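Numbering-wise (this note's numbering), the sequence shown opens with residue -19 and increments by one.
Glycine is no exception: its CB is placed at the ideal position from the N, C-alpha and C atoms.
This one's a predicted model, so the numbers in the text were calculated from it and none came from an experiment.
Here is the structure we will look at.
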Amino acid sequence: MARARSALHRRFHATTSADAGMSTVEYAVGTIAAAAFGAVLYTVVSGDSIPDALGGIIEQALNTSV
-19 MARARSALHR RFHATTSADA GMSTVEYAVG TIAAAAFGAV LYTVVSGDSI PDALGGIIEQ
41 ALNTSV
């Protein structure tokens, strides 16, 4: 019984300890992806195309005859 318990403990420990440090890598990749997405979003929003498009939509909505 003790031998089976020891084997089970070793197997459990081997499967759970193989990911040591994995969460740190996942956080780093997530942070880099979020920063890149923020940079792209800032570039798109700070350009002239978004305000022009919104202005056109609002102008068209206000000039629509009922």
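Check                                                                                                                    : Outcome
Boundaries of the alpha helix (DSSP H) in which residue 29 is found, first to last residue                               : 29 to 42
7 Å CB neighbourhood of residue 30 in its chain, flanking five on each side removed                                      : 24
Nonlocal neighbours in the same chain, by C-beta distance under 7 Å from residue -12, ignoring five residues either side : none
Nearest-angstrom Cα separation, counted from residue -16 out to residue 11                                               : 43 Å
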